[in-house]
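Numbering (this note's numbering), first residue to last: 446 to 916.
Note that the Cβ used here is the ideal one computed from N, Cα and C, for glycine as well.
Quick caveat: nothing in here was measured; it's all calculated off a predicted structure.
Written below as structure tokens is the structure these notes are about.
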């Protein structure tokens, strides 16, 4: 494997990198050490919120080297630097170190506990948030708490002890500083309940001989949950109940997000208010102001409501010079029911090489066997980058083409497997390849080391079946 191919596959989290290192001598591995160090210096996931951090993937790569010291040096330096930054780098490094701690690496534990003490001190002294509303130190501290209490040790007693320590510190922090409340650390609470069990957590918070600071934390939690339920009920009361009300409040300058959720159109459908969705679509059709058209379309451009829109309006708005309106119209076209006019429009765009990703999504929903050559070529023309996410939605829609029937462009499955940056989406590709008997022994061996844990589990079952068949 060349260094260029290794880096390409590394960015995607493909198992080919781990497999390649396993088949190299120590001297050969030295050529690739800078690339793995490079991976340890940035958030490797395309979308960590849905695919998770790629910490275990990096951990396996690191463990293929005889000396892990350079990697720990890099991770420590990056962790200290990223504790003041938003994003997932800090989380990735926390998880990475947790894997080393589980291997009884004392240095990794010292790094994590030093970072905990440092961040707790920083939070204690903070008195104001950033103007943009971001608070990376608080968010990173919560992630560190999750790593310490839920990831570092399998020993239940050790996890319980760490949970109590963290809750005690949170009780002191929240009580002493009005900048924080229980909401800020709720994910830590949820992760701890998953790890230790809700009954155990209840005993630790409300049992006998509970530390005063832990009691304080428990009280703050109860107050926060009550306030949240009250706020939810309040929002339900003030949420628009009709399309007429939505339109008038938008005209009066209210913003979507303040007066209602973007899911309001779908909520109307769930509440059997189909006529209200049709009214929203009528307002959209007749509106002349781009900003109003855009806001109305935000409520309609989804799988449940796009059908109600006038197709000619969507096509016209997709060509608007207003980029927000154009983008939203393309989203609605992506979810529009199967229609030859959408297919014709998609083909016309592809022939002119305009809006290729959007056209692929539209053609995917209206795919015919005769489109195969044009479709395959178009998918391969979509730029795949971290900055431009249009390919991501297009790849997702391409998978719908394979939902039924056998005469489909199977070559696209291997293409997407090799090129997607999202390991979450890759799982669906791999499973479809399995259904279509495309998983060779070579591919299965590579996929054992994929950054996606669910792909690993799926492939492990496949390999066990193969092994049993040969015994």
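(request) Run through the segment 478 to 547 for me and flag every whole alpha helix (DSSP H) of 4 or more residues, listed as ranges in chain order. (result) 478 to 484, 493 to 496, 500 to 507, 514 to 527 and 534 to 547
(message) Extract the residue ranges of the alpha helix (DSSP H) inside the segment 866 to 900, only unbroken runs of 4 or more that lie entirely within it.
(response) 868 to 880 and 886 to 892
(message) Alpha carbons only, please: which of 858, 791, 835 and 895 is nearest the one belonging to residue 816?
(response) 791
(message) Alpha carbons only, please: which of 804, 691, 896 and 540 is nearest the one belonging to residue 496?
(response) 896
(request) Enumerate in chain order the residues of its own chain whose CB-to-CB distance from residue 694 is below 8 Å, with the five nearest sequence positions on each side excluded. (result) 685 and 704
(request) With distances taken Cα to Cα, identify the nearest neighbour of residue 751 among 783, 562 and 736. (result) 783
(request) Starting from the N-terminal side, write out each stretch of the beta strand (DSSP E) that is 3 residues or longer and does not extend beyond the segment 538 to 595. (result) none
(request) Look at the Cβ atom of residue 710, then the Cβ atom of residue 747, and state whether they are nearer than 8 Å. (result) yes
(message) Assuming residue 829 and residue 864 are in contact, meaning their beta carbons sit under 8 Å apart, how far apart are those beta carbons, in whole angstroms?
(response) 6 Å
(message) Does residue 809 come out as helix, strand or coil in the three-state DSSP assignment?
(response) helix
(message) Buried or exposed, going by whether 16 or more other CB atoms sit within 10 Å of the CB of residue 853?
(response) buried
(request) Would you kindly check if the distance between the Cβ of residue 589 and the Cβ of residue 553 is under 8 Å? (result) no
(message) For residue 736 and residue 779, I'd like the C-alpha separation in whole angstroms.
(response) 21 Å
(message) For the structure I just gave you, are there three or more beta carbon pairs, one from the segment 500 to 507 and one from the segment 475 to 492, closer than 8 Å?
(response) yes
(request) Put residue 683 into one of helix, strand or coil per three-state DSSP. (result) helix
(message) With the cut-off set at 8 Å, would you say residue 805 and residue 848 are in Cβ contact?
(response) no
(message) Given a cut-off of 8 Å on the beta-carbon distance, is the pair residue 730 and residue 758 in contact?
(response) yes
(message) Within 10 Å of its beta-carbon, does residue 548 have 16 or more other beta-carbons around it, so buried, or fewer, so exposed?
(response) exposed
(request) Determine, using beta-carbon pairs with one atom in the segment 650 to 663 and one in the segment 677 to 692, whether at least three such pairs fall under 8 Å. (result) no
(request) Report yes if the CB atom of residue 776 is closer than 8 Å to the CB atom of residue 809, and no otherwise. (result) no
(message) Helix, strand or coil, according to DSSP, for residue 468 in the structure here?
(response) coil
(message) Let's see if you can read the secondary structure: which residues bound the alpha helix (DSSP H) around residue 752?
(response) Residue 752 -> no alpha helix (DSSP H), and no H or E assigned at all.
(request) Starting from the C-beta of residue 769, find all residues in its chain whose C-beta is less than 8 Å away, skip the five residues before and the five after it, and write them out in chain order. (result) 739
(request) Return the residue from the list 457, 477 and 471 that minimises the CA-CA distance to residue 448. (result) 477
(message) If distances are taken between C-alpha atoms only, which option among 583, 889 and 691 comes closest to residue 741?
(response) 691
(request) Note down, in chain order, each residue of its chain lying with its Cβ closer than 8 Å to the Cβ of residue 917, except the 5 sequence neighbours on either side. (result) With the chain covering 446 to 916 only, the question about residue 917 has no answer from this structure.
(request) Would you mind sorting residue 576 into buried or exposed? The rule is 16 or more other CB atoms within 10 Å of its CB. (result) exposed
(message) With three or more C-beta pairs closer than 8 Å as the rule, is the segment 578 to 598 touching the segment 525 to 542?
(response) yes
(request) Compute the distance between the beta-carbons of residue 669 and residue 628, then report whether it is under 8 Å. (result) yes
(request) Select from 506, 621, 536 and 569 the residue whose C-alpha is nearest the C-alpha of residue 452. (result) 506
(request) Give the straight-line distance between the Cα atoms of residue 536 and residue 813, rounded to the nearest whole angstrom. (result) 44 Å
(request) With a threshold of 16 other CB atoms inside 10 Å of the CB of residue 787, please say whether the residue is buried or exposed. (result) buried
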